[in-house]
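Going left to right, the sequence shown walks through residues 256 to 521 as this note's numbering numbers them. For reference, the structure is listed below as structure tokens.
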Amino acid sequence: MKIGYIQTSPLFGDKKYNFEEIEKLITGVKADLLVLPELFATGYNFVSNKEAISLAESQDGETAQFLINVARSTESIVIGGFIEKEGEKVYNAAMMVSNNGVIGSYRKIHLYYKENLWFSPGDKPLKIYDINGVKVGIMICFDWIFPETARILGLLGADIIAHPSNLVLPFCQKAMITRCLENRVFAITSNRIGEEKRGEDHFKFTGKSQITSYNGDILSSAPEDKNYVDIIDVDIQQARDKKLNEFNDLFENRRVEFYKTLVKSK
Ligand code: ACM
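Quick look at the structure:
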């Protein structure tokens, strides 16, 4: 199965420019599963909830149409971040599309920093999509720091975690080695590059998009400062065997009777 990512440098608020940059990058690219960064069409550093609302869309907006066009030209299932609007609320979300249309969306459940002011927290359960027999889960950026997110996707049967990101802390790429190893899943972290200085905040995004293997190997690592695309071949069956050795199955060996603290809210 061919899986990959696109790493870009979005210009805040300029969807047309951001779409065109991706169109240039995907010329001739073919894959089965392709992941774009979090909020790739809008940029990240909002200064108000109103501004986030002004760039938000439903699942039949121009970003959905753009992603469907990417799915058609790359022959892939495509996942990319967008601001999802529903009623009065806006969510930091990611949409999965095929050449036929939108398959579904995930709304980020762990909001980072002032995202808590601009967005409503995700209100839908973590979920697995069956894509021609391959099980794909979605989490967004800062979700990585809560190991429960990847664990639940793993327990729900994910072979691959699609991970659109706008990373600003320097830890995630290393942490994904552990996330993948402890759940024996593949992950595609599609990050962005560049800087956004708006309002009181100045973010520098860390690039280094990464495909991490079920055994902790890094299969692809992008530069920290360049637009980049990579597609690699993986054998997804490897993520189905949770045995580390003849004595340790990472899911069967869990001792859930000792984990009750995990599901207490306080
Ligand atoms: C982040 O979650 N975009 C830092």
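By construction, the Cβ of each residue, glycine as well, lies at the ideal position given by its N, Cα and C atoms.
Note that the stretch 462 to 476 does not touch the stretch 370 to 388; fewer than 3 beta-carbon pairs, one per stretch, sit closer than 8 Å.
Distances from the alpha-carbon of leucine 366 to those of Asp490, Glu451, Ala413, Asp398 put Asp398 closest. The stretch 400 to 416 and the stretch 432 to 441 touch, with no fewer than 3 CB-CB distances between them shorter than 8 Å.
When the Cα atoms are used, aspartate 269 and alanine 296 turn out to be separated by approximately 7 Å. Here glutamate 451 has Phe267, Gly298, Tyr299, Asn300, Phe458 as same chain residues with Cβ atoms under 7 Å from its own Cβ, once five neighbours each way along the sequence are excluded.
Remark: the shortest separation between the CB of glutamate 293 and any heavy atom of the ligand ACM falls under 7 Å.
By the criterion of a C-beta distance shorter than 7 Å, glycine 356 is surrounded in its chain by Ile323, once the five residues flanking it on both sides are discounted. Of the residues Lys497, Gly449, Ala442, the one whose Cα lies closest to the Cα of serine 476 is Ala442.
For serine 309, the three-state secondary structure derived from DSSP is helix.
If you check the CB distance, serine 520 and proline 292 do not come in under 8 Å. Under the three-state reduction of DSSP, serine 464 is assigned to coil, being neither helix nor strand.
Runs of beta strand (DSSP E) with 3 or more residues, each lying fully within the stretch 322 to 375, are found at 332 to 341, 344 to 353, 356 to 362, listed in chain order. The shortest C-alpha to C-alpha distance from cysteine 396 to any of Leu422, Leu410, Leu411, Gly377 is the one to Leu422. Minimum Cα-Cα distance from serine 309 among the listed residues Leu289, Leu288, Glu278, Lys344 corresponds to Lys344.
Taking C-beta atoms as the reference points, isoleucine 448 and lysine 481 count as a pair closer than 8 Å.
DSSP places leucine 280 in the uninterrupted alpha helix (DSSP H) bounded by 270 to 280.
For lysine 369, the closest C-alpha among the options Val302, Gln262, Tyr361 is that of Val302. Separation of the CB atoms of glutamate 330 and lysine 390 is rounded to 20 Å, and the pair is thereby denied contact status at 8 Å. At a threshold of 7 Å, serine 264 does not count as near the ligand ACM, since its beta carbon sits no closer than that to any of the ligand's heavy atoms.
Put simply, the backbone Cα of glycine 359 is about 7 Å away from that of valine 352.
A buried status is given to glycine 392, since no fewer than 16 other beta-carbon atoms sit within 10 Å of its beta-carbon.
Around the beta-carbon of threonine 282, fewer than 16 other beta-carbon atoms lie within 10 Å, marking it exposed.
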